[in-house]
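Numbers in my numbering are just positions in the sequence shown, counted from 1, shifted up by 34.
Take a look at the structure set out below.
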Amino acid sequence: MSNVATNEKIPNNVNLAGDRRLQRALEQWQPSFVNWWKEMGPEGFLSQDVYLRTAISADSDGWAHFDYVKMPDYRWGIFLADPVEDRKIGFGDEMGKPAWQAVPGEHRNTLRRLIVTQGDTEPASVEQQRLLGQTCPSLYDLRNLFQVNVEEGRHLWAMVYLLHTYFGRDGREEAEALLKRRSGNPDNPRILGAFNAPIADWLSFYMFTYFTDRDGKYQLLALAESAFDPLSRTTRFMLTEEAHHMFVGETGILRVCERTADIMNEFPGDDPRQHGAIDLPTIQRYMNFWYSISLDLFGGEVSSNAAAYFASGIKGRAHEDRFEDHVALEGSYDFEIPKDGKLERESVPLRNAMNEVLRDAYVSDSQRGVDKFNKLLGEKNIDFKLMLPSRRFNRSVGLYAGLHTTPAGEFLSDEEWENRKGEWLPSEADLTYVKSLMTKPIYERGKMANWVAAPKRGIKGRPVDFEYVRVD
Ligand code: BYC
Ligand code: FE
Ligand code: FE
């Protein structure tokens with residue numbers, strides 16, 4: 035990759051030094067960002083050295099540089115994936131025309147809104163996770179939390195770069211507003227539902243990185259197809275970082291299952307809670323919650339917005355090249371639409387179902403990890419299967435919003451729901467119990483909290499008992 039500037043105030047491969055106005059605007063935003071980090075980033079961890087990966091260029095060996103760094107000094111940079119020469123629009127009405135290097139006037143508001151929505155989730159997640167360092171199960175986990183946090187910070191930079199570069203004064207104002215909204219604040223909340231839910235314990239953190247970061251993966255894949263080439267290039271690079279976030283979630287849930295299974299085998303017949311482990315039904319309830327609110331992030335099943343994004347080339351499907359028909363004017367998608375307590379099949383033009391097409395890919399990707407969790411339980415002779423609930427379960431957006439169903443998707447009356455929801459969603463008692471396991475942090479090298487198994491290996495070839503964070 036050419037033109038990598040790493041010794042500038044803002045490391046970048048976009049030749050920032052060649053555009054003084056832009057450089058100055060971003061250098062003005064930078065201190066606001068660092069102030070936001072100090073106020074809303076990981077509480078109590080401004081001065082410790084953390085063994086972190088920093089992107090210093092976008093090519094395969096430069097993007098993952100490991101060293102100790104204090105988080106406020108992290109080198110948040112702007113990196114775009116290499117341009118695809120002569121790139122053409124790959125879908126929709128404009129298919130085959132050159133990709134856009136600037137924002138077409140007629141798509142300005144829509145693009146800005148999508149970029150702001152994407153950007154808003156990044157700082158939101160850091161805010162949601164800001165207290166977790168104080169109850170970490172190990173130094174290994176603490177470091178992974180911080181790795182995820184600094185990279186979400188960089189993802190915010192990625193979107194702010196686009197706002198500053200392509201959206202003029204509106205873009206600069208939006209960049210300021212991204213630092214002003216606060217997760218969970220009723221007066222000035224983050225834009226999307228799941229990013230206002232508290233992540234109050236580490237099981238929630240693993241579920242969030244498994245399910246909600248995976249929405250990130252699919253939204254980024256869809257934006258990577260965009261006709262707006264700078265958006266495509268920046269999201270392609272973000273995806274390389276996203277993989278680690280989902281790894282943290284998947285291995286986290288797996289390690290919790292492993293520990294619980296071991297306790298169940300050691301004390302057959304006992305409630306694992308008697309031995310300080312997290313019982314499998316509680317894990318299932320957490321899964322039901324985080325999966326269902328993450329499904330909401332894909333938007334309505336039937337969406338004229340989604341149809342318009344697809345038509346204009348703004349947002350495609352994940353891996354558009356795997357589809358045969360990139361125009362999607364002829365196909366349709368069959369939905370089960372709730373009517374008077376029953377489901378009726380109805381066909382919708384394919385373009386209006388693009389949110390659902392993306393959700394389909396997400397659902398099967400989510401299932402793959404759940405299969406791994408169940409394989410582990412099977413290997414340990416535990417007779418319990420974790421399951422993703424029906425897409426209709428606990429939804430707040432789209433066709434099934436506000437309806438009550440069992441995890442299998444069968445409709446319930448309001449009264450039945452009230453009586454039974456504690457079986458399916460984490461209850462106050464569950465949350466209190468899980469939190470009670472996590473009242474103090476574990477900072478001894480190599481030691482793990484009682485409720486989670488040790489990871490199989492450390493980070494970047496380091497041992498599990500490596501001093502991932504120098505907690506003084
Ligand atoms: N909460 O036509 P519809 C990540 C609104 S995660 C609240 O279905 P559309 C990350 C919607 O805005 C990835 N409101 O919407 C993960 C619309 O409002 P208006 C984030 C919602 O436009 C972990 C109305 O309902 N990236 O990166 O098709 C850690 C009608 O809905 C919600 C993106 O989301 C909701 N859940 O789809 C860190 C990509 N859902 O127009 C980071 C950018 C819908 O009536 N965003 N609404 O005022 C988009 O592509 C689209 O905005 C959405 C919604 C897919 C979110
Ligand atoms: Fe992100
Ligand atoms: Fe992420």
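No residue lacks a Cβ here, since even glycine has one placed at the ideal position from N, Cα and C.
Just so it is clear, the structure is predicted and the values come from calculations on it, not from any experiment.
Let me check understanding here. Comparing Cα to Cα, which of the options lies closest to residue i?
i	options	result
Asn46	Asp93, Gly375, Tyr85	Asp93
Ser266	Ser217, Lys214, Leu255, Gly52	Leu255
Pro372	Ile225, Asp399, Arg351, Glu335	Glu335
Leu237	Asn386, Leu314, Ser338, Val118	Leu314
Lys376	Leu437, Gly303, Arg164, Val431	Leu437
Gly75	Glu462, Ser172, Met105	Met105
Lys494	Met321, Ala39, Leu86, Arg425	Leu86
Asp154	Phe418, Lys214, Met388	Lys214
Ile233	Glu208, Glu210, Gly167, His189	Gly167
Val137	Ser366, Pro264, Asp464, Met280	Pro264
Ala435	Leu329, Lys419, Gly139	Leu329
Glu185	Trp134, Pro117, Ala98	Ala98
Glu370	Ala362, Gly218, Glu380	Glu380
Glu161	Cys170, Arg206, Glu77	Glu77
Pro460	Asn428, Leu176, Asp417	Asn428
Ile149	Gln253, Glu128, Val118, Asn49	Gln253
Arg309	Arg206, Arg293, Ala192, Gly139	Note on residue identity: the sequence assigns His, not Arg, to residue 309. The candidate whose alpha carbon is nearest that of His309 is Arg293.
Val84	Thr151, Tyr174, Arg58, Asp53	Tyr174
Thr439	Lys455, Val431, Gly432	Lys455
Gln318	Asp464, Ser470, Ser430, Gly350	Asp464
Cys291	Met388, Leu411, Phe500	Leu411
Gly443	Pro306, Gly432, Arg426	Arg426
Gln152	Leu257, Ser400, Trp63	Leu257
Gly126	Met388, Arg206, Tyr467, Pro489	Met388
Tyr467	Arg385, Lys481, Thr316	Thr316
Ala341	Asn386, Met321, Phe301	Asn386
When you compare only the Cα positions, how much space is there between residue i and residue j?
i	j	result
Arg289	Ala487	5 Å
Phe239	Glu364	42 Å
Asn408	Asn183	29 Å
Lys122	Val391	23 Å
Asp120	Pro132	7 Å
Asn143	Phe344	15 Å
Asp221	Pro497	45 Å
Lys72	Phe242	23 Å
Arg356	Glu259	12 Å
Thr88	Val194	19 Å
Arg402	Asp116	30 Å
Ser447	Lys414	38 Å
Glu378	Ser338	21 Å
Leu212	Asn230	14 Å
Glu354	His360	7 Å
Leu80	Met280	25 Å
Ser36	Glu156	Low confidence applies here, because Ser36 scores a pLDDT of 45, under 50, leaving its location unreliable; read the following figure in that light. Cα to Cα, Ser36 sits roughly 28 Å from Glu156.
Ser398	Leu422	10 Å
Asp101	Cys170	21 Å
Tyr367	Glu276	30 Å
Ile287	Gly130	43 Å
Arg224	Ser217	5 Å
Counting along the chain, where does the beta strand (DSSP E) carrying residue i start and finish?
i	result
Val118	Where Val118 is concerned, there is no enclosing beta strand (DSSP E), given that its DSSP letter is neither H nor E.
His99	99 to 104
Arg87	83 to 88
Glu378	376 to 383
To the nearest whole angstrom, what separates the beta carbons of residue i and residue j, a pair I think is in contact under 8 Å?
i	j	result
Phe201	Arg146	5 Å
Phe332	Asp204	Not quite, the Cβ-Cβ distance comes to about 27 Å (not below 8 Å), so this is no contact.
Ile327	Ala228	4 Å
Thr199	Leu56	6 Å
Tyr244	Gly283	3 Å
His189	Met272	5 Å
Under a CB-based cut-off of 9 Å, is residue i close to chain C?
i	result
Gly456	Among the protein chains of the structure shown there is no chain C, as only one such chain exists.
Note the first and the last residue of the continuous alpha helix (DSSP H) segment covering residue i.
i	result
Glu156	142 to 162
Lys72	54 to 74
Glu186	173 to 200
Arg267	263 to 300
Asp330	314 to 330
Indicate, with yes or no, if ligand 5 has a heavy atom lying under 8 Å from the CB of residue i.
i	result
Val182	This structure does not include ligand 5; its bound ligands are ligand 1, ligand 2 and ligand 3.
Completely contained alpha helix (DSSP H) runs for the stretch 395 to 438, where each covers 4 or more residues: none
Segments assigned alpha helix (DSSP H), at least 4 residues, entirely inside the stretch 203 to 254: Correct list: 236 to 241.
Taking only runs of the beta strand (DSSP E) that begin and end inside the stretch 340 to 373, which ones reach a length of at least 3 residues, in chain order? 366 to 373
What are the complete alpha helix (DSSP H) segments, minimum 4 residues, inside the stretch 441 to 491? Entirely contained in the stretch 441 to 491, the alpha helix (DSSP H) runs reaching 4 residues are, in chain order, 448 to 458, 462 to 470.
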